[in-house]
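Per the UniProt record's numbering: the sequence shown = residues 5 to 358.
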Amino acid sequence: LTLLGIESSCDDTGAAVVRGTPGAAQVLSSEVQGQADLHAAFGGVVPEIAARAHAEQLDQVVARALDSAGVTLQEIDAIAVTAGPGLIGGVLSGVMCAKGLSVATGKPLVGVNHLAGHALTPRLTDGTAFPYLMLLVSGGHCQFLLVHGPEQFTRLGGTIDDAPGEAFDKAARLLALPQPGGPAVEACARDGDAKRFRLPRPLLDRPGCDMSFSGLKTALLRERDGLLQDNALRATERADLCAAFQQAVVDVLREKTARALDLYLAEAPATPTIAVAGGVAANTPIRNALTALCAERGVQFTAPPLALCTDNGAMIAYAGLERFAAGQRDDMTLSARPRWPLDKTAPALLGSGK
Ligand code: ATP
Ligand code: FE
Numbered sequence: 005l006t007l008l009g010i011e012s013s014c015d016d017t018g019a020a021v022v023r024g025t026p027g028a029a030q031v032l033s034s035e036v037q038g039q040a041d042l043h044a045a046f047g048g049v050v051p052e053i054a055a056r057a058h059a060e061q062l063d064q065v066v067a068r069a070l071d072s073a074g075v076t077l078q079e080i081d082a083i084a085v086t087a088g089p090g091l092i093g094g095v096l097s098g099v100m101c102a103k104g105l106s107v108a109t110g111k112p113l114v115g116v117n118h119l120a121g122h123a124l125t126p127r128l129t130d131g132t133a134f135p136y137l138m139l140l141v142s143g144g145h146c147q148f149l150l151v152h153g154p155e156q157f158t159r160l161g162g163t164i165d166d167a168p169g170e171a172f173d174k175a176a177r178l179l180a181l182p183q184p185g186g187p188a189v190e191a192c193a194r195d196g197d198a199k200r201f202r203l204p205r206p207l208l209d210r211p212g213c214d215m216s217f218s219g220l221k222t223a224l225l226r227e228r229d230g231l232l233q234d235n236a237l238r239a240t241e242r243a244d245l246c247a248a249f250q251q252a253v254v255d256v257l258r259e260k261t262a263r264a265l266d267l268y269l270a271e272a273p274a275t276p277t278i279a280v281a282g283g284v285a286a287n288t289p290i291r292n293a294l295t296a297l298c299a300e301r302g303v304q305f306t307a308p309p310l311a312l313c314t315d316n317g318a319m320i321a322y323a324g325l326e327r328f329a330a331g332q333r334d335d336m337t338l339s340a341r342p343r344w345p346l347d348k349t350a351p352a353l354l355g356s357g358k
């Protein structure tokens, strides 16, 4: 099977061609056109600007993806597109584009949940077998999922407020570091002493896999204000604050992952595997902590390459391939959904997907 995938739910316009079968597919091309420069002046993604940029760029990005895969639209079996969750204007742009291509070519349309795209990526990159435990950590999401099948997810827990990526970005802002905050904080933390400041480890004293990261930012703000003399933060202080902040995130993720692992292992999976996805999975100390945890517990650890961890069209093409192979298709009634929880049993409160 050969699928074209289209992604436009946030601030990256992605298109890709993926070929193969479930658990054994290859990325023929993956084009991502970022919009960071368009939003930089506003300190965050502006939905209207994003939607317009997607609408303007989609045709070219799709053309580039087909071109670099050496595949024509006629050779595609189906067109997969992110139908949510995300910024509604962007999702709509992608869905309209996919519908247009579907009508023009007569090729079937497959709507994909953006989070399913992230969660199924280890099947694309490593052929990981079901069921596996997925930790999805990005700028907008943080959750533990048991992945039983292409559309069978059980949410074990997640953040009740900010996502870690958001927390890294806010921490960077508080410390006058550039955006995106994650890489900046990680780099700055390298020279820092994580023990100099005692930041909280929210919810660690509570049972379960839920997490909280917004209090960390408040605690960081308090420490920073305590240090501010002559309105400037010294380099060592900034590094120590970054290190303390990052260590707190690492500790929370590691402990909660250990708990999620216990729940997962109770199902006695044949080849126990923990997979991560999302931009925060790029963080080396976080990766190292999870790698060590997996080694201790005799579990495999899988982290897709960064380009497939952050938003991209290949994960959408692949998730579409899984659905399409299972005989699922959508039609012109496919609608864009701003909210779309993966786990249908999750309480409505969690519908934000966080
Ligand atoms: P979502 O996919 O949930 O809608 P998003 O598109 O904002 O959200 P991603 O593109 O997956 O998320 O990831 C971006 C986030 O990852 C940013 O918040 C960024 O700060 C964070 N990030 C990137 N690299 C690192 C790193 N090395 N350490 C920590 N965080 C990082
Ligand atoms: Fe995403």
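Think of the CB as a built atom: it goes at the ideal place given N, C-alpha and C, for glycine as much as any other residue. Quick caveat: nothing in here was measured; it's all calculated off a predicted structure.
Near the ligand ATP: residue i beta-carbon under 8 Å from a heavy atom
| i | result |
| --- | --- |
| C192 | no |
| S13 | yes |
| T17 | no |
| G9 | no |
| E52 | no |
| F249 | no |
| I164 | no |
| E170 | yes |
| N287 | yes |
| residue 379 | Outside the shown range of the chain (5 to 358) lies residue 379, about which nothing can therefore be said. |
| G161 | no |
| P184 | yes |
| P187 | yes |
| G104 | no |
| A167 | yes |
Beta bridge counterpart(s) of residue i as assigned by DSSP
| i | result |
| --- | --- |
| L7 | V22, A82 |
| V280 | L139 |
| C146 | V141 |
| N117 | G88 |
| S33 | V21 |
| D41 | None; D41 has no bridge partner. |
| V151 | Y136, F157 |
| M215 | T163 |
| T306 | A279 |
| D334 | L113 |
| D16 | G38 |
| A28 | T25 |
Closest by C-alpha distance to residue i, when choosing among the options
| i | options | result |
| --- | --- | --- |
| T109 | Q183, L8, A191, P154 | L8 |
| A264 | A252, A279, A274, Q250 | A279 |
| G115 | V303, I10, D347, T277 | I10 |
| L113 | M100, A191, T125, H122 | M100 |
| V253 | E271, L220, G283, A281 | L220 |
| Q304 | L269, A311, D315 | L269 |
| L124 | L224, C146, G324 | G324 |
| Y322 | A67, D229, V107, H118 | H118 |
| T288 | A299, L310, L70, L267 | L310 |
| L128 | E170, M319, T86, D266 | M319 |
| Q78 | A87, V107, G94 | V107 |
| E300 | I290, R226, A262 | A262 |
| P211 | K260, H43, P308 | K260 |
| Q250 | N292, R68, G47, D266 | N292 |
| P187 | D197, L257, E170, R200 | E170 |
| A28 | T6, A40, P89 | T6 |
| R159 | L267, G98, T314, D195 | L267 |
| D255 | L203, G185, Q147 | L203 |
| L337 | D197, A87, L139 | Sequence check: residue 337 is Thr here, not Leu. When only C-alpha atoms are compared, the closest one is A87. |
| S339 | A102, Y136, L224, P206 | A102 |
| P126 | G317, P308, P345, R341 | P308 |
| F201 | L231, L207, L208 | L231 |
| H43 | A236, P184, V95, L257 | P184 |
| A139 | C298, P342, E326, W344 | For clarity, residue 139 is Leu in the given sequence; the question names Ala instead. Minimum Cα distance to L139 is reached at C298. |
| V95 | G317, L208, L70, K348 | G317 |
The ligand FE heavy atom lying under 8 Å from the CB of residue i
| i | result |
| --- | --- |
| G144 | yes |
| T314 | yes |
| H118 | yes |
| G282 | yes |
| H43 | no |
| H122 | yes |
Residue i Cβ short of 8 Å to the ligand ADP heavy atom set
| i | result |
| --- | --- |
| G90 | As far as ligands go, the structure on display features the ligand ATP and the ligand FE and does not contain the ligand ADP. |
Cβ contact check for the region 330–347 and the region 28–41: 3 or more pairs under 8 Å: no
Three-pair Cβ contact test at 8 Å for the region 78–86 versus the region 49–65: no
Does the count of Cβ pairs from the region 158–169 and the region 211–222 closer than 8 Å reach three? yes
Please confirm if the region 263–277 is in contact with the region 122–142, defined as three or more CB-CB distances below 8 Å between the two stretches. yes
At least three beta-carbon pairs within less than 8 Å, the region 237–250 to the region 173–180: yes
Flag this pair as touching only if the region 56–75 and the region 10–23 have three or more C-beta atom pairs under 8 Å; answer yes or no. yes
Spell out a yes or no on whether the region 142–158 and the region 279–295 are touching, meaning 3 or more CB-CB pairs, one atom from each, closer than 8 Å. yes
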